[in-house]
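Residue numbers (this note's numbering): 762 to 920.
Input: a single structure, listed below in structure tokens.
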């Protein structure tokens, strides 16, 4: 009779994420001209991240740096992509106490993009849901509904 155990095995304390491979997968989707669905979040290690999916590929994570952000927004907005402009493994955790989702959401609005925001009575209590529709995809946000965010949206005449 065999007795199985897991002696000697443990989970790595901080396994490195292969962001380079995730970026290559994203480039493959871009080069195929696929419509990309992006969900914005901060991963459990506090890295800014995008959840990427298309009709042909299941959801996967890519951690974000400035170059990747510019390339992805450019592609979504129908611009060309410079594949060599991104060093995908050069990512850093987001500043402690800051909210990447809200910061990126405001940056997009301040740059001139207009989100479609779910009416507050239809959203899960305590959250604001929004989507930016682009020629080559969509970018979704699920944001904590703070007074600061609601005031910002009201000032921008988005509520």
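Cβ atoms here follow ideal geometry from the backbone N, Cα and C, with glycine treated the same way.
Determine the direct distance from the alpha carbon of residue j to that of residue i, and round the result to whole angstroms.
i, j, result
"residue 775", "residue 809", "Low confidence applies to residue 775: its pLDDT is 46, below 50, so where it sits in the model is not reliable enough to give any reading."
"residue 916", "residue 882", "19 Å"
"residue 779", "residue 789", "16 Å"
"residue 832", "residue 826", "10 Å"
"residue 823", "residue 908", "30 Å"
"residue 802", "residue 764", "42 Å"
"residue 861", "residue 818", "25 Å"
"residue 886", "residue 867", "21 Å"
"residue 807", "residue 891", "22 Å"
"residue 888", "residue 906", "5 Å"
Leaving out the 5 sequence neighbours to the left and right, which residues in its chain are closer than 8 Å to residue i when beta-carbon positions are compared?
i, result
"residue 839", "895, 896 and 897"
"residue 920", "878, 881, 911 and 914"
"residue 793", "817"
Quick one: what does DSSP say residue i is sitting in, helix, strand or coil?
i, result
"residue 836", "helix"
"residue 819", "coil"
"residue 789", "helix"
"residue 906", "coil"
"residue 808", "coil"
"residue 913", "helix"
"residue 782", "helix"
"residue 814", "strand"
Please work out which residues of its chain come closer than 7 Å, Cβ to Cβ, to residue i, disregarding the five sequence neighbours upstream and downstream, and give them in chain order.
i, result
"residue 870", "876 and 917"
"residue 863", "904 and 910"
"residue 837", "797, 895, 897, 898 and 900"
Compute the minimum distance between the beta carbon of residue i and the heavy atoms of the ligand SAH, and state whether it is under 6 Å.
i, result
"residue 909", "Absent from the structure shown: the ligand SAH. Ligands present: none."
Closer than 6 Å by C-beta to residue i: which residues in its own chain qualify, once you throw out the five before and the five after it? Chain order, please.
i, result
"residue 874", "893"
"residue 781", "849 and 850"
For residue i versus residue j, is the C-beta distance shorter than 7 Å?
i, j, result
"residue 829", "residue 842", "no"
"residue 799", "residue 813", "yes"
"residue 786", "residue 815", "no"
"residue 811", "residue 783", "no"
Could you name each continuous alpha helix (DSSP H) segment of 4 residues or more that falls completely within the stretch 853-896, going from the start of the chain to the end?
-> 861-872
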